[in-house]
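In this note's numbering, the protein residues as written are 62 to 372.
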């Protein structure tokens with residue numbers, strides 16, 4: 062698959078355009094809002110320079126940028142595409158509308174993927190003529206810096222389509238996982254929700270400040286989790302591996318989980334949390350801190366890439 066269409070030129074769409082273009086693919090980028098499309102191209106040009114400065118790309122930014130072409134229409138974007146990545150509004154109505162249009166315009170062999178983070182593919186592809194070529198390819202924001210992508214097929218998605226999509230994402234430097242069957246939130250958001258639920262509960266019930274809870278992840282769990290998953294972590298945390306860990310700590314872990322319960326995001330708790338966050342980081346500094354986050358992600362990505370060569 063050589064030619065890629067990216068539909069929707071917002072934050073996720075423009076990041077996807079960079080992912081595919083830096084890997085050597087020709088990309089057509091389309092957005093129904095011409096001004097948004099123009100603005101995204103300017104952001105992409107600057108972001109590619111940042112990637113080069115951080116050592117994440119070796120090729121000249123201008124050469125990568127030239128592989129991205131603004132499409133004049135959805136039909137233009139899809140005309141020669143082998144793979145299309147959709148990034149429109151996160152509503153079922155919007156997904157149904159765009160996928161119906163894409164299915165009618167894209168070449169029969171083209172794969173159609175959605176970046177949705179909450180809606181299963183079956184909800185918006187069931188009535189399509191070529192529904193077997195559709196799936197979810199849910200990235201982590203921003204996908205040009207965080208490589209994980211969750212591939213979640215509908216019940217009718219072709220196994221060949223899933224295999225081709227996985228091979229494509231691997232070839233462009235992403236880290237695809239397969240969600241074997243549809244579930245709300247896929248894998249990443251469910252894991253994130255579990256951590257957030259407990260973090261919010263501990264904060265709401267007065268066990269720790271927001272800053273100290275953030276430190277617990279940032280300077281504790283997060284250090285290991287940046288290069289190991291939870292199962293490998295416990296496998297290495299007992300002399301006899303995961304079975305030994307389960308024998309030692311399984312019961313106490315179960316008891317702790319039994320004390321946890323789903324927690325609504327109560328307005329008064331969120332208001333208190335917001336006050337703490339704004340005291341630590343004024344709203345006027347959010348954009349600056351987001352740029353700082355992206356630079357740190359770039360540095361971490363480069364470090365992980367170089368470290369992987371030595372293992």
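All C-beta atoms in this analysis are idealised placements derived from N, C-alpha and C, irrespective of residue type, glycine included. As the structure is a computational prediction, the values presented were derived from the model and not from experiment.
Checklist entry - Taking the alpha carbon of residue 208 as the point to measure from, which residue in 138, 141, 288 has its own alpha carbon closest? => result For the purposes of this step, residue 208 is identified with residue 147 of the chain shown, where counting begins at 1. Out of 138, 141, 288, 288 has the C-alpha closest to the C-alpha of residue 208.
Next on the checklist: Please identify the residue among 69, 265, 78 whose C-alpha is closest to the C-alpha of residue 334.
Outcome noted: Sequence index remark: in the chain shown, residue 334 carries index 273 (1-based). The residue with the shortest Cα to Cα distance from residue 334 is 265.
Item to check | Residue from 235, 304, 160 with nearest C-alpha to residue 77 | outcome: Counting from 1 along the chain shown, the entry for residue 77 is found at position 16. For the residues 235, 304, 160, the minimum Cα distance to residue 77 belongs to 235.
Item to check | Residue range of the unbroken alpha helix (DSSP H) whose run includes residue 338 | outcome: Mapped onto the chain shown, residue 338 falls at position 277. 328 to 341 is the span of the alpha helix (DSSP H), which, as asked, contains residue 338.
Item to check | Spatial distance of residue 90 from residue 70 (CA atoms) | outcome: Here residue 90 refers to the residue found at position 29 of the chain shown. Here residue 70 refers to the residue found at position 9 of the chain shown. Using only the alpha carbons, I get a separation of about 7 Å.
Checklist entry - Among residues of its own chain, excluding the 5 on either side of residue 338, which ones have a beta-carbon nearer than 7 Å to its beta-carbon? => result For the purposes of this step, residue 338 is identified with residue 277 of the chain shown, where counting begins at 1. Correct list, in chain order: 271.
Checklist entry - Just the Cα atoms here: how many angstroms apart are residue 323 and residue 93? => result Along the chain shown, read from residue 1 onward, the residue named residue 323 stands at position 262. Along the chain shown, read from residue 1 onward, the residue named residue 93 stands at position 32. Answer to the nearest angstrom: the Cα atoms are 39 Å apart.
Next on the checklist: Out of 261, 296, 161, which one is the CA nearest neighbour of residue 328?
Outcome noted: Sequence index remark: in the chain shown, residue 328 carries index 267 (1-based). Closest option to residue 328, Cα to Cα, is 261.
Checklist entry - Alpha carbon to alpha carbon, how far is residue 331 from residue 248? => result Within the chain shown, residue 331 is the residue found at index 270, counting from 1. Within the chain shown, residue 248 is the residue found at index 187, counting from 1. The straight-line gap from Cα to Cα measures roughly 25 Å.
Next on the checklist: Tell me which residue opens and which closes the beta strand (DSSP E) that residue 196 is part of.
Outcome noted: As a first step, residue 196 must be located in the chain shown, where it is residue number 135. Looking at the DSSP string, the run of the beta strand (DSSP E) that includes residue 196 is 195 to 200.
Checklist entry - Since residue 367 is in the alpha helix (DSSP H), which residue starts that stretch and which ends it? => result Along the chain shown, one-based indexing puts residue 367 at 306. Note, residue 367: alpha helix (DSSP H), 347 to 369.
Item to check | Assigned exposure category for residue 164 - 16 Cβ within 10 Å defines buried | outcome: Mapped onto the chain shown, residue 164 falls at position 103. Buried, because 16 or more other Cβ atoms sit within 10 Å of the Cβ of residue 164.
Checklist entry - How about residue 206 and residue 358: are their beta carbons less than 8 Å apart? => result As a position in the chain shown, residue 206 is number 145, starting the count at 1. As a position in the chain shown, residue 358 is number 297, starting the count at 1. Result yes, Cβ atoms of residue 206 and residue 358 sit closer than 8 Å.
Checklist entry - Would residue 74 be called buried (16 or more neighbouring beta carbons within 10 Å of its own) or exposed? => result Here residue 74 refers to the residue found at position 13 of the chain shown. With 16 or more other Cβ atoms within 10 Å, it is buried.
Checklist entry - By how many angstroms is the C-alpha of residue 81 removed from the C-alpha of residue 123? => result Residue 123 sits at position 62 when you count from the first residue of the chain shown. Residue 81 sits at position 20 when you count from the first residue of the chain shown. Taking the straight line from one Cα to the other gives about 15 Å.
Checklist entry - Taking C-beta to C-beta, are residue 167 and residue 184 nearer than 8 Å? => result Your numbering for residue 167 matches position 106 in the chain shown. Your numbering for residue 184 matches position 123 in the chain shown. No, the pair does not count as a contact, with Cβ atoms beyond the cut-off.
Item to check | Straight-line gap, residue 347 to residue 299 (C-alpha atoms, nearest Å) | outcome: Within the chain shown, the letter at position 286 stands for residue 347. Within the chain shown, the letter at position 238 stands for residue 299. In a straight line, the C-alpha of residue 347 is about 41 Å away from that of residue 299.
Checklist entry - Expressed to the nearest angstrom, what Euclidean distance is found between the alpha-carbon atoms of residue 314 and residue 308? => result For the purposes of this step, residue 314 is identified with residue 253 of the chain shown, where counting begins at 1. For the purposes of this step, residue 308 is identified with residue 247 of the chain shown, where counting begins at 1. When rounded, the distance between both Cα atoms is 11 Å.
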